[in-house]
Amino acid sequence: MPCQQSPPAVIMVRPAVFYSNPETAADNAFQSAVGMDQEDLLLKAQEEFDNFVSILRDTVEVTVLQDVAQPPKPDAIFPNNWFTTHADGTFVIYPMLAPTRRLERRLLNRLLAQLQFLGYNVKRSVDFTRLEETRSFLEGTGALVFDCPNRVVYVALSQRATSEGLAQWGCRFPDYEVVSFSALDARDVPIYHTNVMLTVGTDFALVCLDSVKDEEDKARLQMKLMDTGKEIIPLSLSQVDNFAGNAFELRGCDGVHRLVLSETAFSSLTEPQLAILGKYVEVVPVPLRTIEISGGSARCMLAANFLPLA
């Protein structure tokens, strides 16, 4: 069976702690301060999380892992950064920049046990976390935006996706062509994760080419997307600020491909952009305004589950 671009299942982590993490704010310009009591903030984030799960479960399999309060992991709701799953049964663990984010990997054993209980088959694991010792990082599908059928991976280099981290990954997965580039946001700050400026679907790509200042990088990125059959939907820097690039295509049990994104992202898209998307996917906007204060949106909350069933 050919590799699918959109997963039929996802893994999510329900937060036990939630606030805008000061440790990650230094290079995440998408984070924002909020004058809300921390307990109220958590309850609101949990409410948005539970609603998101309910919407998703109408069409895809959702595995929910409950976080624990100690030690505090304010970004645990964004599990896509510390692991990936693959259709051959490979489970990959990634090096993280922020020490508080590395704590999220303490959930690993519980997650693997839960996946095994549900009938998923993890055949082998690949662990890149030793790269943290040399300050080399590669934060999962925040850093790596996959085009699985075409064996291409797109990477915006940053503190969270370093050249050495990417080189080590490429040595382990040589069957993937790596397209790397640098990207800046509207404030000329390096974009911290690729998946806020690029979404690659089966037949389309939401991409902010304006964020790629080097003309050769921009041309190479655009050409590769076109050569692999993607209809390009250009995003503005303002739309990136509104998380329009942080969307994810899922494959429903009914065979329908759906693009999930936040209401913030949806509201920023134009009618012509939505019309193009409508040729390929059903667009599903989800309210995530509280969760977005932590600098991530719909895509960050979803770890694709491509694992085979045992």
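Take 2 as the starting number for the sequence shown in the working numbering and just add one per residue. Built from N, CA and C at the ideal position, the CB exists for glycine as well. Keep in mind it's a predicted model, so treat the numbers as computed, not measured.
| Check | Outcome |
| --- | --- |
| Answer yes or no: do M227 and I233 have a C-beta to C-beta separation smaller than 8 Å? | yes |
| Return the chain-ordered ranges of every alpha helix (DSSP H) run that is complete within the stretch 193 to 263 and spans a minimum of 4 residues. | 216 to 228 and 238 to 242 |
| Considering E62, what are the terminal residues of the beta strand (DSSP E) in which it resides? | E62 to Q67 |
| Between which two residues does the beta strand (DSSP E) harbouring R125 extend? | R125 to D128 |
| What are the complete alpha helix (DSSP H) segments, minimum 4 residues, inside the stretch 272 to 303? | 272 to 279 and 299 to 302 |
| From which residue to which residue does the beta strand (DSSP E) around T85 run? | F84 to T86 |
| State whether the stretch 126 to 133 contacts the stretch 63 to 80, with contact taken as three or more CB pairs (one from each stretch) at a distance under 8 Å. | no |
| Under 8 Å, do Y95 and L139 count as touching if we go by C-beta distance? | yes |
| Could you compute how far the alpha carbon of T229 sits from the alpha carbon of L145? | 17 Å |
| Just to confirm the assignment, what range does the beta strand (DSSP E) spanning F147 have? | L145 to D148 |
| Closer than 8 Å is the cut-off here; do at least three beta carbon pairs connect the stretch 251 to 268 with the stretch 177 to 184? | no |
| For Y281, which residues in the same chain have their Cβ closer than 6 Å to its Cβ, ignoring the five residues on either side in sequence? | D204 and F205 |
| Are the CB atoms of E105 and W74 within a distance shorter than 8 Å? | As written in the sequence, residue 74 is Lys, which differs from the Trp given in the question. For K74 and E105, yes; Cβs fall inside 8 Å. |
| Please state the DSSP three-state secondary structure of L44. | helix |
| If V241 sits next to V197, beta carbons under 8 Å apart, how far is it from one beta carbon to the other, in whole angstroms? | 6 Å |
| Looking at C-alpha atoms only, which residue of G297, N306, A311 and P309 is the closest neighbour of F50? | G297 |
| Looking only at its chain, what residues have a beta carbon closer than 7 Å to the beta carbon of G141, apart from the 5 residues adjacent to it on each side? | N81, N82, W83, F84, T85 and Y95 |
| Under three-state DSSP, which class holds S269? | helix |
| With a CB to CB cut of under 7 Å and the five nearest residues on each side skipped, what residues in its chain are close to R111? | L66 |
| Could you check the C-alpha separation between V287 and F79 for me, to the nearest Å? | 16 Å |
| Determine the extent of the alpha helix (DSSP H) in which S164 is found, giving its start and end residues. | S164 to R173 |
| Provide the residue(s) that pair with P191 in DSSP beta bridges, ordered along the chain. | L185 |
| My assumption, with CB atoms under 8 Å, is that V11 sits in contact with V61. Please give the rounded CB distance. | 6 Å |
| Which two residues bound the contiguous alpha helix (DSSP H) that contains A114? | L109 to F118 |
| Could one say the Cβ of F129 lies closer than 8 Å to chain C's Cβ atoms, at least one of them? | Judged by its chain identifiers, the structure shown contains no chain C, having just a single protein chain. |
| Checking 8 Å against the spacing of the C-beta atoms, do V14 and A99 come in under that value? | no |
| Would T265 and R290 qualify as a contact pair, given that the criterion is a beta-carbon distance under 8 Å? | yes |
| Would you decide whether A304 is buried or exposed? Buried here means 16 or more other CB atoms lie within 10 Å of its CB. | buried |
| Any idea what DSSP makes of F50, helix, strand or coil? | helix |
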